[in-house]
Structures are given as structure tokens and as C-alpha cells.
Amino acid sequence: MSSSEILRRLPATLLRRLLPQITLAGGPHETIAVRAPYTGLPIGTIPAGTVADLELAVQRARAAQTPWSKRTFADRARIFLRFHDLLLERQDEVLDLIQWETGKARRHAFEEILDTAIVTRYYARRAQKLLRPRRRKGALPLLTLTRELKSPVGVVGLIVPWNYPLNLAVTDAVPALMAGNAAVLKPDVQTSFTALWAVDLLRQAGLPPDVFSVVTGEGPLLGPALGERVDFMMFTGSTRTGRLVARQAAERLIGCSLELGGKNPMIVLAGADLDAAVYGAIQGCFASAGQVCVSIERIYVHQSIAERFLASLAERTRALKVGASLDYSMEMGSLTAERQLQRVEEHVRDALQKGAVLLAGGRRRPDLGPLFYEPTILASVTEQMQVYAEETFGPVVSVYPFSSEAEAVERANDTRYGLSASIWTRDAAHGARLAQEIRAGNVNVNEAYAAAWGSVDAPSGGRKESGMRARHGAEGILKFTETQTVAVQRLMPVGTPRWMDAAVHARWMTRLLKLLRQW
Ligand code: NAD
Numbered sequence: 009m010s011s012s013e014i015l016r017r018l019p020a021t022l023l024r025r026l027l028p029q030i031t032l033a034g035g036p037h038e039t040i041a042v043r044a045p046y047t048g049l050p051i052g053t054i055p056a057g058t059v060a061d062l063e064l065a066v067q068r069a070r071a072a073q074t075p076w077s078k079r080t081f082a083d084r085a086r087i088f089l090r091f092h093d094l095l096l097e098r099q100d101e102v103l104d105l106i107q108w109e110t111g112k113a114r115r116h117a118f119e120e121i122l123d124t125a126i127v128t129r130y131y132a133r134r135a136q137k138l139l140r141p142r143r144r145k146g147a148l149p150l151l152t153l154t155r156e157l158k159s160p161v162g163v164v165g166l167i168v169p170w171n172y173p174l175n176l177a178v179t180d181a182v183p184a185l186m187a188g189n190a191a192v193l194k195p196d197v198q199t200s201f202t203a204l205w206a207v208d209l210l211r212q213a214g215l216p217p218d219v220f221s222v223v224t225g226e227g228p229l230l231g232p233a234l235g236e237r238v239d240f241m242m243f244t245g246s247t248r249t250g251r252l253v254a255r256q257a258a259e260r261l262i263g264c265s266l267e268l269g270g271k272n273p274m275i276v277l278a279g280a281d282l283d284a285a286v287y288g289a290i291q292g293c294f295a296s297a298g299q300v301c302v303s304i305e306r307i308y309v310h311q312s313i314a315e316r317f318l319a320s321l322a323e324r325t326r327a328l329k330v331g332a333s334l335d336y337s338m339e340m341g342s343l344t345a346e347r348q349l350q351r352v353e354e355h356v357r358d359a360l361q362k363g364a365v366l367l368a369g370g371r372r373r374p375d376l377g378p379l380f381y382e383p384t385i386l387a388s389v390t391e392q393m394q395v396y397a398e399e400t401f402g403p404v405v406s407v408y409p410f411s412s413e414a415e416a417v418e419r420a421n422d423t424r425y426g427l428s429a430s431i432w433t434r435d436a437a438h439g440a441r442l443a444q445e446i447r448a449g450n451v452n453v454n455e456a457y458a459a460a461w462g463s464v465d466a467p468s469g470g471r472k473e474s475g476m477r478a479r480h481g482a483e484g485i486l487k488f489t490e491t492q493t494v495a496v497q498r499l500m501p502v503g504t505p506r507w508m509d510a511a512v513h514a515r516w517m518t519r520l521l522k523l524l525r526q527w
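Plus 8 on top of the position in the sequence shown (first one is 1) and you've got the working numbering.
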């Protein structure tokens with residue numbers, strides 16, 4: 009595909025469809041130009057939302073939430089399953105949009121389609137079971153009929169970053185909405201069109217408009233204003249901003265769920281299948297140009313195989329097809345924003361100045377586009393270098409040899425983050441046991457990140473400074489609910505009956521408690 013085809017602005021018909029999906033309170037709005045990373049040229053403009061827009065979106069969401077929560081699970085599920093089907097049918101349109109806004113390669117954009125479809129299907133099919141009322145035991149047998157109920161929290165605020173703009177706009181919203189909440193989404197400025205496309209498709213699938221609305225604009229203005237108005241905050245982004253969201257939620261005593269940064273390790277054990285491990289490392293380090301929260305940024309390889317592993321990894325990395333193309337031909341795309349590119353350059357420059365050794369990459373590629381950077385491997389990295397412990401969020405990996413498994417585990421755990429990790433071994437059972445020693449919320453054995461991430465029936469969340477609570481599985485929907493215990497007392501009270509002497513009651517109860525020890 010020639011770059012002139014990539015250069016064009018978003019088609020007018022698409023803009024006419026997407027822009028009205030934004031909630032606007034009226035009055036003049038400034039606009040923000042969105043530039044395509046592939047070209048650096050503006051592809052469209054979005055309104056810079058105001059606090060009044062957010063106020064309106066939350067008000068409408070509140071009004072829409074009660075009737076929405078009264079619908080049956082089956083009714084809500086039908087809408088999301090229709091969305092699932094439409095997404096698969098119309099994937100090409102949104103794949104273009106994701107690529108225009110993020111600059112990632114199409115194969116990495118397709119990961120968003122896969123994940124969005126899988127998570128949508130999962131919660132459409134499972135929400136009712138996960139949230140069904142449950143019988144619980146009362147204080148004493150037979151006397152109390154106790155049920156635990158789940159009800160929606162109300163209006164959920166969603167703040168998402170630019171790196172997985174389809175997936176992150178939809179996959180937390182689906183469980184929130186399936187649980188009967190309404191939601192207001194604030195996407196990143198850079199990727200608002202993809203989020204609007206998803207919301208438009210949900211509406212085409214039958215979602216009532218005010219149940220899920222979008223306000224576009226700057227995070228430092230709209231983020232706190234959203235946190236001030238909603239009943240729960242679902243935040244995905246940097247640890248720095250996550251702390252602000254948590255602080256505000258604590259002040260208001262509302263719940264929040266935080267999916268934050270990582271500095272994810274990969275351990276290659278002595279007997280690992282080298283070819284598979286090298287392929288896994290390429291996926292893990294360079295998918296979406298390393299701008300994935302679960303990207304591998306540190307590789308620990310057993311010294312007995314380090315030389316062969318690194319030679320093969322460097323050779324495969326240098327051979328990767330990097331470039332701008334709206335088909336599946338490229339193996340890595342561009343970075344998404346200038347500040348991201350600057351951070352990557354800074355980490356590599358700092359490391360090389362302090363004595364690191366470059367095994368592959370290490371340069372900007374302006375010949376390919378303004379934000380391209382080569383997939384890069386660094387060796388001899390030390391604690392003094394920024395790249396050692398800070399999240400780069402770009403196509404840069406540091407490699408370290410190790411001599412014992414205990415050393416590998418200790419070094420993998422030597423981080424303030426705890427999001428994801430990967431272990432490569434021919435002995436899968438041993439890998440799974442070793443995984444339990446890694447202090448990360450997701451550990452993949454013989455896979456870079458997709459095994460744990462894609463297991464959507466299991467929770468996925470970060471430990472330490474990588475987050476709080478989790479998405480996916482039961483936890484990924486229960487967090488959007490409040491618990492209520494309804495207990496109906498029968499036959500006689502739990503405390504002393506009116507007609508009984510308190511001392512007699514105490515004696516009887518003591519006997520009964522002894523009998524009930526095994527209950
Ligand atoms: P960021 O924190 O700067 O921005 C994320 C979102 O927060 C954006 O929508 C932004 O507009 C908004 N925001 C900005 N200021 C805000 C404020 N004061 N209050 C509320 N919201 C505000 O993050 P980023 O650098 O753009 O995104 C990359 C980071 O996200 C990386 O650290 C990456 O690891 C992390 N991430 C984590 C996950 C995960 O699932 N754990 C997924 C994707 C990305």
C-alpha cells in the first residue's frame with residue numbers, strides 16, 4: 009500500500025457517523041487535531057470536551073441506568089452478542105482506524121478484534137451465572153433464609169489509554185454494562201475515533217445511547233471531573249495517573265480498579281525450546297512496537313544457552329519487517345506519539361552512554377515515518393541505567409544471563425511492578441511451579457503474554473505498583489456490583505426469645521454451638 013493512501017484524512021462519511029456519538033452540552037468547543045503516527049499529518053479533529061459535557065453525560069447515564077438494570081440478562085446479552093457478530097463482520101473498517109490512530113501493524117491491531125470478541129462473548133454468556141443470587145448459611149440452621157444479592161453500582165467512569173484503543177474501550181465496559189450499570193467513557197485524545205467507532209457499533213447492536221456515552225478531550229481536565237461524578241472508576245494507564253485516580257476515589261469513598269504499568273520479565277530456562285522462545289520473545293517485546301502493558305522488557309536467559317539464544321534473537325530482530333502498511337505484511341509498526349519516541353531514545357541513549365551494548369536496532373527510522381524506531385536489544389545493562397527499572401513502553405528489551413533459577417526468580421522479582429511474566433521451559437509442570445514464585449498477577453509458561461491475557465475466565469490484574477483489583481473472570485464483573493445480604497428470620501429469633509430466660513438461653517445456645525461445631 010502506497011503511503012499516499014495512508015496519508016488521507018478519515019473519510020467524511022465515517023466522521024459524519026462517529027462525531028455525533030460524542031456527548032456535547034452545547035456552546036462553542038475548541039477542537040483537537042488527531043495526527044496519524046504513520047505520517048504525522050492530521051486525520052481529523054475531535055471536540056475538546058468540557059466539564060459541562062461530562063456533567064450532561066453522567067446525568068443522562070443516571071437517568072438511563074435504572075431502566076437498563078431492569079432488563080433481563082438475556083436481553084442485555086443479545087445486544088452484546090450482536091455487537092460481537094458485527095465486530096467480526098466489519099473488522100476491516102476498525103482495523104484501518106486503529107492503525108491510523110496508533111500506527112501499529114495490522115497483525116497487532118487484529119489482536120484487539122480477537123480479544124474484544126472473546127471478552128464480549130464471555131460476559132454476554134456468563135454474566136447471569138456470575139451474578140446470580142446465592143443462598144448463604146444463617147447464624148443457626150433452618151432459622152434464617154439468607155441470600156446474597158448483587159446490584160449494579162450505578163454509573164461507572166472508564167478512562168483508557170491509547171495503546172489498545174478498541175479493546176480497552178470495550179472490554180471493561182461490557183461487564184460493567186452486563187451487570188446493569190451505565191458507563192461514561194473518556195478515551196485518550198489520540199485514539200478517540202476508534203472508541204467512538206466501538207460505541208457507534210454498540211448502539212447499532214441495540215445499546216440505548218445514554219447507557220454508554222463518550223466525552224472526548226484532555227485527561228487532566230476530564231479525568232478528575234469524571235471521578236468527581238461517578239460511582240466507580242475503572243482506570244487503565246500509567247501508575248502516576250492511577251495514583252491520582254485512587255486518591256480521588258479514596259476521598260469520595262467510591263470503588264476503583266486500576267490497570268497500570270509494568271516492567272515485565274521473561275525467563276528462558278536451560279532446557280527451553282530455543283526457536284519457540286526466540287519467537288515468543290519477538291512477540292512479547294515488539295508487538296505494537298512494545299507499547300503493550302504486558303510487553304516483555306527484560307529477558308533472563310540461562311548462561312548455558314545465552315549465546316545461541318541471543319544470536320538467534322538478534323538475527324530475527326534485525327530481519328523484522330518494520331513499516332507503514334494497512335495490510336498484514338509488516339511485522340512491526342510505528343510508535344504512537346512523539347513523547348513515546350523521545351522516551352525510547354532517552355532510555356537507549358542513557359544506556360549506551362553508561363556502557364550498555366547494542367545487539368540490534370537502536371535508531372529512529374525517519375525514512376519509514378516520523379515515529380518509527382527500530383526493534384532494539386541491549387546487553388550489559390546495569391542498575392544505573394534508566395532502562396534497567398523504568399517502564400520504556402517501546403520496542404526495547406534488555407537481556408541478562410543467569411546461572412541459577414533462584415537468581416532468575418530474584419531478578420525477575422526485583423521491580424516495583426508486578427503485571428506479567430513469562431517462563432520458557434520444556435518441563436511445563438516445573439514452569440508452572442516456578443511461576444508461583446514470581447510476584448506478578450499474570451505468569452505465562454511457554455507463551456509471552458497471550459496465554460494468561462486470553463484466559464478470560466481467570467482474573468488478570470497487576471500486583472505491587474501495577475494495579476489494584478482485576479479485569480476478566482468473576483472479579484472482572486463483581487467489582488462493578490454492590491453486595492446486599494437479605495436475611496429472612498423464621499420460627500424464632502437469633503437472640504433470646506421473648507418467652508425465654510436469658511440465662512437459660514445462654515445455656516441452650518452453648519450446648520447448641522458445641523453440637524454445631526462441624527456444621
Ligand atoms: P496516562 O496515565 O498518561 O493516560 C491514561 C489515560 O488517563 C488517558 O486517557 C489520559 O487522558 C487520562 N488522564 C490523564 N491525566 C489524568 C488525570 N489527571 N486524571 C484522570 N485521567 C487522566 O497513560 P499513558 O502513558 O497514556 O498510557 C500508557 C500507560 O498505560 C503505560 O504505563 C502502560 O503500561 C499502561 N497500560 C496498562 C494496561 C493494563 O492493563 N495494566 C493497559 C494498557 C496500558
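From the three backbone atoms N, C-alpha and C, an ideal C-beta is built for every residue, glycine too. All figures in this text were calculated on a predicted structure; none of them were measured in a lab.
Cβ shell of residue i (< 8 Å), same chain only, five flanking positions each side left out
i   : result
A85 : A132, R133, A135, Q136, M186
C-beta contact flag for residue i and residue j at 9 Å
i    : j    : result
L277 : I431 : yes
M274 : G298 : no
V66  : V238 : yes
E353 : Q394 : no
V223 : T390 : no
Y172 : V300 : yes
E109 : Q198 : yes
S342 : Y46  : yes
A387 : A414 : no
M476 : G484 : no
T400 : E156 : no
G52  : L96  : no
Beta strand (DSSP E) segment containing residue i, residue limits
i    : result
G52  : 50-55
K194 : 190-194
Q526 : From DSSP, Q526 is part of no beta strand (DSSP E); its letter is neither H nor E.
L497 : The displayed chain sequence assigns Gln, not Leu, to residue 497. Q497 -> beta strand (DSSP E) spans 489-497.
G165 : 163-167
L386 : 384-387
V42  : 39-43
Same chain, Cβ closer than 6 Å to residue i, five either side skipped, listed in chain order
i    : result
A295 : H116
Q311 : P409, S411
V512 : none
N452 : S430, A459, A460
G377 : Y46, A332, S342
D465 : G481
R248 : none
Minimum C-alpha distance to residue i - residue among the options
i    : options                : result
V163 : P28, R68, L268, A458   : R68
T21  : R70, V464, E101        : E101
A33  : P45, N454, A56, R248   : A56
H438 : G363, A460, G279       : G279
V404 : A443, A459, I290, L486 : I290
L367 : A440, D375, E226, V356 : V356
K145 : Q497, T504, D375       : Q497
Y287 : K78, V59, M508, E455   : E455
R79  : F91, G188, R142        : G188
L261 : E267, A319, V161, E346 : V161
A397 : R424, R371, S428       : R424
R211 : T433, E473, Q361, H92  : H92
Contact set for residue i: own chain, Cβ-Cβ below 7 Å, skip 5 residues either direction
i    : result
A181 : L166, A191, L193, F220
N421 : I446, R447
M9   : Confidence in M9 is poor, its pLDDT being 48 and thus under 50, which makes the residue's placement too unreliable to answer from.
R25  : D208
A482 : L138
M500 : L151
Residue i, enclosing alpha helix (DSSP H) - first and last residue
i    : result
A414 : 413-420
L209 : 200-212
V178 : 173-178
V395 : 394-397
T21  : 20-26
I485 : 483-486
L32  : Where L32 is concerned, there is no enclosing alpha helix (DSSP H), given that its DSSP letter is neither H nor E.
Beta carbon proximity, residue i to chain C, threshold 9 Å
i   : result
T74 : Of the protein chains in the structure, only one exists, and it is not chain C.
Worksheet item: In the segment 77-156, which residue ranges form an unbroken beta strand (DSSP E) of at least 3 residues, counting only runs that do not cross its ends?
Response: Restricted to the segment 77-156, the beta strand (DSSP E) segments that are unbroken, complete and at least 3 residues in length are 142-144, listed in chain order.
Discussion item. As an exercise, report each continuous alpha helix (DSSP H) stretch of at least 4 residues that is fully enclosed by the segment 330-379, in chain order.
Written reply: Taken in chain order, the unbroken stretches of alpha helix (DSSP H) that lie wholly in the segment 330-379 and span 4 residues or more are 346-361.
Worksheet item: Whole beta strand (DSSP E) runs in the segment 278-311 with 3 or more residues, listed along the chain?
Response: The qualifying runs are 304-310.
Worksheet item: Which full runs of the beta strand (DSSP E) of 3+ residues lie inside the segment 215-288, going along the chain?
Response: Taking only runs of at least 3 residues, the beta strand (DSSP E) segments lying wholly in the segment 215-288 are 220-222, 240-244, 263-267, 272-276.
Item to complete: Tell me the start and end of each unbroken beta strand (DSSP E) in the segment 405-477 that is at least 3 residues and wholly inside, in chain order.
Response: Complete beta strand (DSSP E) runs here, min 3: 428-432, 450-453.
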